[in-house]
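Undergrad:
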Amino acid sequence: MSIVENFCKTAVDGDKQYKYEYRMIKSNVLLSYGGDTIEVQSYGIEVERRDFVDGNMVSLERECVSNVSPQRHKVHNLLKMLFDNTVSPIHLVEVIGEYIDEYIVDFDEAYKEISNC
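Take the sequence shown: its position 102, counting from 1, is numbered 101 in numbering that gives the first Met the number 0, and each next residue is one higher.
1) For my contact list, Glu47 and Glu4 are in at a C-beta cut-off of 8 Å; report their separation, rounded to the angstrom.
2) In this structure, how does DSSP classify Asn115 when only helix, strand and coil are distinguished?
3) Is Val104 closer than 9 Å to Val64 when the C-beta atoms are compared?
4) Do you know how far the Cα of Thr85 is from the Cα of Ile99?
5) Would you tell me roughly how many angstroms separate the C-alpha atoms of Tyr102 and Thr36, rounded to the nearest one?
6) Would you tell me roughly how many angstroms separate the C-alpha atoms of Ala109 and Val39, rounded to the nearest one?
7) Could you check the C-alpha separation between Cys7 and Glu45 for me, to the nearest Å?
8) Check the DSSP bridge columns for Leu81 and list the partner residues they point to.
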């Protein structure tokens with residue numbers, strides 16, 4: 000897994016400071032159909048929030064969905080939406096779940112493209 004993009008932001012609420020990181024990650028996934036197995040490049044999302052009080056980290060939350068789509072632009076758009084709306088890691092799957100369900104066909108299309116080569 001490697002980090003392709005990283006967006007950062009900080010929010011302050013009273014004496015607490017929240018540092019958010021929204022990362023697009025890249026890895027490979029093995030797709031099997033029939034007796035064939037093909038490796039496809041895949042993009043996912045990782046969201047991290049670190050909570051600080053008086054400069055000391057008091058909490059860390061992190062959530063990751065490794066394989067959202069093989070289409071980078073779709074994952075980038077999701078990442079930007081999460082960043083713009085300051086989505087917490089604990090809500091990541093809830094927020095992007097429907098998109099993941101929709102994008103699953105992208106892996107079928109990628110498989111077809113690769114297997115026709």
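We put the CB at the ideal spot given by N, CA and C, even for glycine. Bear in mind that the values here come from a model prediction, so they are computed numbers and not experimental data.
TA: Here's the rundown:
1) By one-based count along the sequence shown, residue 47 stands at place 48. By one-based count along the sequence shown, residue 4 stands at place 5. The Cβ separation is near 14 Å, so there is no contact.
2) Here residue 115 is taken as the residue at index 116 of the sequence shown, counted from 1. It is coil, neither helix nor strand.
3) Within the sequence shown, residue 64 is the residue found at index 65, counting from 1. Within the sequence shown, residue 104 is the residue found at index 105, counting from 1. Against a cut-off of 9 Å, the Cβ pair of Val104 and Val64 comes out as no contact.
4) Working through the sequence shown from its first residue, we reach residue 99 at position 100. Working through the sequence shown from its first residue, we reach residue 85 at position 86. Cα-Cα distance, rounded: 19 Å.
5) Start at 1 with the first residue of the sequence shown, and residue 102 comes out as number 103. Start at 1 with the first residue of the sequence shown, and residue 36 comes out as number 37. Whole-angstrom Cα-Cα distance: 20 Å.
6) Taking the first residue of the sequence shown as position 1, residue 109 is located at position 110. Taking the first residue of the sequence shown as position 1, residue 39 is located at position 40. About 7 Å.
7) To locate residue 7, count along the sequence shown from 1; it is residue 8. To locate residue 45, count along the sequence shown from 1; it is residue 46. If you draw a straight line from the Cα of Cys7 to the Cα of Glu45, it is about 12 Å long.
8) Here the question's residue 81 lines up with position 82 in the sequence shown. Leu81 is not bridged to any residue.
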